[in-house]
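The block underneath contains the structure these notes are about, expressed in structure tokens.
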Amino acid sequence: MKAILINESECEKDLNSMYDINNIDAVIEKLTEMNPNELIEGDLVNLLYVQVWSEYHPFGLFKFIGLEDECMKFQYLEIEWL
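This is the structure we're talking about:
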């Protein structure tokens, strides 16, 4: 199933070339791996952007907006660190 990120530019600003997931296409590819049957509108989803050079790991926090025309819609919220 396809995934749409409604605010790509905000997400793109927080990506870094040192992350394993370092561009919007990679983010959307990871979001398409989500199972829409396991998501409820409003659910929060974390994507791990493994940072190669640090012991701290960034997570992209996304909100599942819902299904529309066979596409999962997500909104990027922020980056969090573990």
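Going by my numbering, the first residue of the sequence shown is number 288, and it counts up by one from there. Quick reminder that beta carbons are idealized off the backbone N, C-alpha and C, glycines included.
Fill in: CA-to-CA distance, Asp307 to Phe351, given in whole angstroms
The count along the sequence shown starts at 1 and reaches residue 351 at position 64. The count along the sequence shown starts at 1 and reaches residue 307 at position 20. Spanning the two alpha carbons is a distance of roughly 22 Å.
Worksheet item: Using the C-alpha atoms, what's the distance from Ile293 back to Phe361?
Response: To locate residue 361, count along the sequence shown from 1; it is residue 74. To locate residue 293, count along the sequence shown from 1; it is residue 6. Cα atoms of Phe361 and Ile293: separation of roughly 6 Å, rounded to the nearest angstrom.
Discussion item. Quick check on DSSP: helix, strand or coil for Asn333?
Written reply: As a working mapping, residue 333 is identified with position 46 in the sequence shown. Strand at Asn333.
Item to complete: Using beta-carbon positions only, say whether Gly347 and Leu334 come within less than 8 Å of one another.
Response: For the purposes of this step, residue 347 is identified with residue 60 of the sequence shown, where counting begins at 1. For the purposes of this step, residue 334 is identified with residue 47 of the sequence shown, where counting begins at 1. Taking a C-beta distance under 8 Å as the contact criterion, Gly347 and Leu334 qualify as a contact pair.
Worksheet item: How big is the Cα-Cα spacing for Ile327 and Met321?
Response: Position 40 of the sequence shown holds residue 327. Position 34 of the sequence shown holds residue 321. Near 12 Å, if we compare the C-alpha coordinates of Met321 and Ile327.
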